[in-house]
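Counting from 1171, one number per residue, gives the positions in the sequence shown under this note's numbering.
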Amino acid sequence: MLVRELAVDARESRRNRRLNQRTLAIAGVAIVLVAILAAVGHLGFFHTSSKEGAPSQAGRSTVPPAPKQVVLPFEVGDPDGVAVDGKGDVYVADSSNNRVLKLPAGSDRQSELPFTGLNRPAGLALDVSGGIYLVDAYNNRVLKLPAGSPAPAELPFAGLSSPHGVAVDRNGTVYVADSGNNRVLELPAGSNNPIELPFIGLRHPLGTAVDDAGAVYVTDSENNRVAKLAAGGTTPVYLPFTELNFPHGVAVDHNGCVYVADLNNNRVLKLEAGSNTPSTLPFTDLNFPYGVAVDNAGNVYVTDFHKRVVKLSTN
């Protein structure tokens, strides 16, 4: 009996040793596997993080945000000319209420500027010093309100007949679309003698603009075209806008892109610099768009017959 018990104990001891060895081996393999998996996961994590954090990758395209249309919080009767300064402050000629309004960037409260005795204010422009230029259409005059001044002064344009658009270049030269006389006038800074520019065959010119190179643009509304006269030029060219119907406002940005309010087609067109094909901007529900302006960020502002000032934001 004792021998049998000793034999059993010996077998149990050998079996336990084998089990312990097997357990240790399995545990060792498990530890190795855990270490390998941790290393793989560690490498995969850093590979993914590096990929996501890379500033750029070949073949990846950035989709620009879709333009967003908003109605600015102006209370207006019949808005016409519109302008925007470098800070994003927006100015509007409220034609039927004979006033000029300003809406500071980010504000929902408009203020009235100190223009008095107006009769159907129309075109509006700003100079680099913050001066405001206004066409007082039915009074046949052009006014300038210098920055910080309590009152405007009348510029020496004589013989105007229902003027409408106004623009000013970086040198302070002022351009006016003298609609009733079918001409565009230029008044150099410091001069008292306007000059008629050599636009040909105009019929009711309305909007006018000037680019950074000094070229002048005018909407020839009854001829349904947009004319451009290079600085110092003697012969205008006609931009490739087609199927216009009484174009009204015109603007040009610092990249040379031209914007036109196509009044009776209820749309705003953009012609990229160097292009022959205008595109229709994605404004919705426009009703007889009048004035158009563009800011330094490429946002476009339009006044329309819905008594609105609409902004199409590009960012």
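Just so it is clear, CB atoms sit at the ideal spot from N, CA and C, and this is done for glycine as well.
Practice task
For Glu1392, name the three-state secondary structure that DSSP assigns.
Solution key: helix
Practice task
Would you list the one or two residues that DSSP bridges to Tyr1345?
Solution key: Ala1337, Glu1356
Practice task
Return the bridge partner residues of Pro1284 from the DSSP annotation.
Solution key: The partner list for Pro1284 (beta bridge, DSSP) is empty, contrary to what the question assumes.
Exercise for the section: Determine the closest residue to Asp1255 out of Pro1249, Tyr1345, Ile1302, Val1407, with distance taken between C-alpha atoms. Expected result: Ile1302
Handout entry: Whole runs of the beta strand (DSSP E) within the region 1357-1433, excluding any shorter than 3 residues
Key = 1375-1380, 1386-1390, 1395-1399, 1417-1422, 1428-1432
Problem - Beta-carbon proximity check, Ser1391 vs His1418, cutoff 8 Å - result: yes
Problem - Contacting residues, own chain, Cβ-Cβ under 8 Å from Pro1249 (five flanking each side not counted) - result: Val1262, Ala1263, Asp1264, Ser1265, Tyr1460, Gly1461, Thr1473, Asp1474, Lys1477, Arg1478, Val1479
Problem - Three CB pairs or more closer than 8 Å across the region 1265-1285 and the region 1311-1319 - result: yes
Problem - Own chain, CB closer than 6 Å to Phe1416, minus 5 neighbours either side, in chain order - result: Ser1391, Leu1433, Asn1434
Problem - The beta strand (DSSP E) enclosing Lys1481, as first and last residue numbers - result: 1478-1483
Exercise for the section: State buried or exposed for Ala1321, treating a residue as buried only when at least 16 other CB atoms are found within 10 Å of its CB. Expected result: exposed
Practice task
Give me the Cα-Cα distance between Phe1369 and Gly1329, rounded to the nearest whole angstrom.
Solution key: 18 Å
Exercise for the section: Mark Ala1467 as exposed unless 16 or more other C-beta atoms lie within 10 angstroms of its C-beta, in which case mark it buried. Expected result: exposed
Handout entry: For Tyr1308, the three-state DSSP class (helix, strand or coil)
Key = helix
Problem - Proximity to Ala1307 [Cα-Cα], best of Val1260, Ala1323, Glu1356, Gly1335 - result: Gly1335
Problem - Per-residue DSSP class, three states only, for His1265 - result: It should be pointed out that residue 1265 corresponds to Ser in this sequence rather than to His. Reduced to three states, the DSSP call for Ser1265 is helix.
Handout entry: Neighbourhood of Gly1293 by C-beta distance below 6 Å, restricted to the same chain and skipping five residues each side
Key = Gly1251, Val1305, His1334, Gly1335, Val1336
Handout entry: Sequence-distant residues of the same chain with beta carbon closer than 6 Å to Leu1372, five excluded per side
Key = Asn1352, Asp1390
Practice task
Answer yes or no: do Thr1454 and Gln1239 have a C-beta to C-beta separation smaller than 8 Å?
Solution key: yes
Practice task
May I ask you to report which of helix, strand or coil DSSP gives Gly1293?
Solution key: strand
Exercise for the section: Measure how close the beta-carbons of Pro1375 and Val1388 come, nearest whole angstrom, since I'm counting them as under 8 Å. Expected result: 5 Å
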